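To keep things clear, I will list the structure first and then write my remarks on it.
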């Protein structure tokens, strides 16, 4: 068995040594049980101390809190935690049960999976007594949330025994968790949602095909470990999840030009159906086989701030012909695996590979994700609608903070468009005219050259100017959820205001701890169409023109606020459109806290209470 498929059992579970404390188990490998989590205790106040930028988990110096204060904070936060096992059974994690990063073999397995994703890693790997593995949000010393995959140190052996010795089963589980983090799913404490579970399942199937797994191997853990049954409030039934894995496996097969991916070959590659008994133990498959599409080496790229080797950007093409296959919109979304798709195969290979490296670097260093599509078919839509449909389909940007964009050029239809995520809208808005003009120029001036010579040659660099501008435009902003509640953010703002009044200092947004920062809070939609003439709840009509319509909400701690909603935001959300009277977990960026009704830009939301 390859080294990265085995983990030693001797690592003792203990309190973290890297200043990392558990904050919320927001998504799991399977959906959570339908049982409601316990009520959260009051959050620790952020108003009493400045919030400093947090170091990475891997590079942070070992400066743990005093034992007493650390234990108290762990106990307070852990009281609200609920992990979710692969079959949806609830699991509580005790205060002292989150451990240090595991051995190199386990990290190597994660690093190996990441090499087949085409994306940079945005999480660390730690140890905890979860049944298998779980996507986790943890709080570091600066009270900043960090993404972690936590798993049991006996994880590999337990899954292997349960699946009759199938060596791909633990890989598929880990790939599922990775899909949650890369998509930005893991943000809601105490539960998950069936749509996001299916997205992670599809991602797992997609990656396992690229690693060399058969369809049956990709489905083995799900078919064996998860009981069949109806959909739950937080997790889908097994058959839907098996279908999602199959969709991802088939999508990767088609994209890599493997020929028959949906018919007899796919059926033959099922080792066992969902009704079969667990397969007998057989030799472990080799995952060291070369993928159909080799990753591009990135030896000269700066190391990313995690404890494992960085993933590499993908090469320019997926198939022998040099023509990409773009997934059709409308099916279960799944995280994209490359930054450039060319359905004509006419972009210069070297220029395209360099663009892939640049976009990979932006995603790694600032979190901004920009995917560029040169397409033959808009699937009956206008270019703008197609761009937003593909932003959802490919889950471009992290779902929680909306920091993605999709650039579409359809030269045969003489159309182009840009889809901008809610988090990037204001930063990119003033460049829209320039960006669209650049795309139109490519269709008018460059495309005739591309088709005449069968290669866009030097025009390839011009083709990516728009994508480069968009990626640069948001890299100076912070994309971390800094505040756990609206009350915490407002308390810091009010404290800063009082200090300025006392000292006579002028306001400097660059020194503010709340200016354009991101918070997450739970609340209820009060009014989907607030009256701009209502002076008790201010609506900034100018800001609404720039961002989108206002919606009045009331946070769980009693603060009425005005959210400004990107026109396409609701179509991107797994929870569907906002419903008046329903309760959600909102992720917002501050616009103004200086009046009675806080003004906030909505980035994303999750349905709560079975909404």
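Numbering (our numbering), first residue to last: 563 to 1173. Glycine residues also receive a C-beta, built at the ideal position from the N, C-alpha and C atoms. In this text, all values refer to a predicted model and were calculated from it rather than measured experimentally.
Close-in-space but distant-in-sequence residues of the same chain around residue i (CB under 7 Å, 5 per side omitted)
i, result
"residue 1132", "1139, 1140"
"residue 1116", "1085, 1086, 1088, 1122"
"residue 1052", "1121, 1155, 1160"
"residue 888", "903, 905, 935, 937"
"residue 989", "1035, 1036, 1039"
"residue 1170", "1084, 1145, 1146, 1147"
"residue 910", "1017, 1018, 1019, 1022"
"residue 993", "1031, 1035"
"residue 769", "675, 678, 679, 737"
"residue 1069", "1062"
N-terminal and C-terminal residue of the alpha helix (DSSP H) that residue i is part of
i, result
"residue 761", "756 to 773"
"residue 1022", "1021 to 1025"
"residue 990", "987 to 991"
"residue 1107", "1103 to 1108"
"residue 954", "945 to 955"
"residue 1011", "1009 to 1015"
Cβ separation of residue i and residue j, assumed to be a contact under 8 Å, to the nearest whole Å
i, j, result
"residue 1042", "residue 707", "7 Å"
"residue 891", "residue 951", "4 Å"
"residue 1187", "residue 958", "Not covered by the structure: residue 1187. The range shown for the chain is 563 to 1173."
"residue 746", "residue 986", "Rounded, the Cβ-Cβ distance is 14 Å, inconsistent with contact."
Backbone secondary structure at residue i - three-state DSSP
i, result
"residue 710", "strand"
"residue 1121", "coil"
"residue 805", "helix"
"residue 931", "strand"
"residue 1035", "helix"
"residue 1148", "strand"
"residue 599", "The pLDDT assigned to residue 599 is 31, lower than 50, so where the model puts this residue is not dependable, and the model offers no usable value."
"residue 736", "helix"
"residue 1067", "coil"
"residue 1084", "strand"
"residue 700", "strand"
"residue 1137", "coil"
"residue 688", "strand"
"residue 777", "helix"
"residue 504", "Because the chain is modelled from 563 through 1173, residue 504 falls outside the range shown and cannot be assessed."
"residue 1169", "strand"
"residue 938", "coil"
"residue 966", "strand"
"residue 1161", "strand"
"residue 887", "coil"
"residue 1089", "strand"
8 Å Cβ shell around residue i - same chain, five flanking residues per side excluded
i, result
"residue 1011", "1018, 1019, 1021"
"residue 839", "Note on residue 839: pLDDT 35, under 50, position unreliable in the model; the coordinate value appears next. There are no such residues."
"residue 743", "684, 685, 697, 709, 711"
"residue 1167", "1135, 1137, 1140, 1146, 1147, 1148, 1149"
"residue 1142", "1087, 1088, 1089, 1090"
Residue range of the unbroken beta strand (DSSP E) whose run includes residue i
i, result
"residue 719", "Residue 719 -> not in any beta strand (DSSP E); alpha helix (DSSP H) instead, spanning 717 to 724."
"residue 979", "977 to 982"
"residue 998", "Run containing residue 998: none in the beta strand (DSSP E); it sits in the alpha helix (DSSP H), 994 to 1003."
"residue 904", "902 to 904"
"residue 1044", "1043 to 1045"
Status (buried if at least 16 other CB within 10 Å, exposed otherwise) for residue i
i, result
"residue 1062", "exposed"
"residue 976", "exposed"
"residue 1108", "exposed"
"residue 1073", "exposed"
"residue 1093", "exposed"
"residue 732", "buried"
"residue 589", "Here residue 589 scores only 32 on pLDDT, less than 50, and its place in the model should not be relied on; the value that follows carries that caveat. Result: buried."
"residue 1187", "The structure shown has nothing for residue 1187, since the chain only spans 563 to 1173."
"residue 1157", "exposed"
"residue 893", "exposed"
"residue 806", "buried"
"residue 734", "buried"
"residue 996", "exposed"
"residue 1006", "exposed"
"residue 755", "buried"
"residue 817", "buried"
"residue 913", "buried"
"residue 1065", "exposed"
"residue 1104", "exposed"
"residue 771", "buried"
"residue 955", "buried"
"residue 803", "buried"
6 Å CB neighbourhood of residue i in its chain, flanking five on each side removed
i, result
"residue 814", "768, 771, 772"
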